[in-house]
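Structure first, commentary second.
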């Protein structure tokens, strides 16, 4: 398979629509599955050369059209982790995590380390006006490093020196985890007619701890009709969340499940109170004071 750096992205959700957009510009996608949730620990990779360039490389860099007209953002961290961030349809953001290392030279050697350990060798440089130039097209795992930039080399503008993932992306990942746990609770209820008091019986592979959030199942006194799942942040700039899973009657008297995720109105380490279910399925779940419903 011929897979260039331009083909790195393969997000789990909305991948078909995103791939369709990208393919319009003749760019296919690499076959590596994305991790929906950043790992709670990042393996340390020692850089080959701790050069001034490497320090200046740290932070967020963005190009509005790197992916055949679609935006791409790089985040280089001190731990030699490189995040690729893309914007999916409907404005959602998603990220994939790779390793990287830098070797001094002219141009500078940049290695992108894929999840399977293979390496894409390319080149990069900082331009006199402070942009980052990276050769993406024509790079493949295990193939020789380009010796010069082509006319299609991508220019990235520095967005920030911040090496953490943007809050909007981190919160989107937290919502995904809450929804996955909520769906697992719903499935568990259908089999056992009660909700699970912990994540273990749910057989879910989503993490309860990430770099930025802790997740907890708040088991009610009566677990036969509802359960709350909360997400509390570890960063001051992040919101907290509560997901409510409810069993309510429909117009024929049969139980159906309803799920809603509520976000705190302001960044907070305290999760919103339990959402309030409607008396039956014709109504809507209401969020507790100082929180609001997340539409998905």
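Numbering (our numbering), first residue to last: 287 to 582.
Here a beta-carbon is modelled for each residue, glycine too, at the ideal position from N, C-alpha and C.
Between the Cα of residue 425 and the Cα atoms of 483, 398, 527 and 533, which residue gives the shortest distance?
-> Distance from the Cα of residue 425 is smallest, within the candidate group 483, 398, 527 and 533, for 398.
Among 558, 417 and 345, nearest to residue 363 - alpha-carbon criterion = Checking every option, the nearest Cα to that of residue 363 belongs to 345.
Alpha carbon to alpha carbon, how far is residue 354 from residue 541? Give it in angstroms, no decimals.
-> If you take the alpha carbons of residue 541 and residue 354, they lie about 48 Å apart.
Please classify residue 468: does DSSP put it in a helix, a strand, or coil?
-> Helix, per DSSP.
Classify residue 558 as buried or exposed, calling it buried when 16 or more other Cβ atoms lie within 10 Å of its own Cβ.
-> Around the beta-carbon of residue 558, 16 or more other beta-carbon atoms lie within 10 Å, marking it buried.
Going along the chain, which residues of its own chain have a beta-carbon closer than 8 Å to the beta-carbon of residue 435, five neighbours each way excluded?
-> Its chain contains 393, 409, 411, 419 and 421 as the residues whose beta carbon lies nearer than 8 Å to that of residue 435, once the 5 sequence neighbours on both sides are disregarded; these appear in chain order.
Please say whether residue 495 and residue 516 have beta carbons closer to each other than 7 Å?
-> No, these two residues do not count as a Cβ contact at 7 Å.
From residue 351 to residue 341, what does the alpha carbon distance come to, in whole angstroms?
-> Pairing residue 351 with residue 341, the inter-Cα distance amounts to about 25 Å.
Starting from residue 382 and walking both ways along the beta strand (DSSP E), at which residues does that stretch end?
-> Unbroken beta strand (DSSP E) run through residue 382: 379 to 389.
Just checking my contact of residue 549 with residue 580 at CB under 8 Å: how many whole Å lie between their CB atoms?
-> With 8 Å as the limit, residue 549 and residue 580 qualify as a contact, their Cβ atoms being about 5 Å apart.
Where DSSP assigns a beta bridge to residue 443, which residues make up the other side?
-> According to DSSP, which records beta bridges pairwise, residue 443 is partnered with 348.
Backbone secondary structure at residue 462 - three-state DSSP = The three-state secondary structure of residue 462, taken from DSSP, is helix.
Closer than 7 Å by C-beta to residue 438: which residues in its own chain qualify, once you throw out the five before and the five after it? Chain order, please.
-> Within the same chain, Cβ atoms closer than 7 Å to the Cβ of residue 438 are found at 423, the five residues on either side in sequence being excluded.
Residue 402 to residue 383 span [Cα, whole Å] | Rounded to the nearest angstrom, the two C-alpha atoms are 12 Å apart.
Proximity winner among 375, 372, 407 and 400, relative to residue 389 (alpha-carbon distances) | Measuring from the Cα of residue 389, the nearest candidate turns out to be 407.
Reference residue 538, options 546, 567 and 472, closest by Cα | Across the set 546, 567 and 472, the C-alpha of 567 shows the shortest separation from the C-alpha of residue 538.
For the beta strand (DSSP E) that contains residue 419, what are its first and last residues?
-> Taken as a continuous stretch (DSSP letters only), the beta strand (DSSP E) holding residue 419 covers 418 to 420.
What is the rounded straight-line gap between the Cα of residue 457 and the Cα of residue 405?
-> For residue 457 and residue 405, the distance between alpha carbons rounds to 30 Å.
Counting along the chain, where does the beta strand (DSSP E) carrying residue 370 start and finish?
-> Per DSSP, residue 370 is one residue of the beta strand (DSSP E) stretching across 367 to 373.
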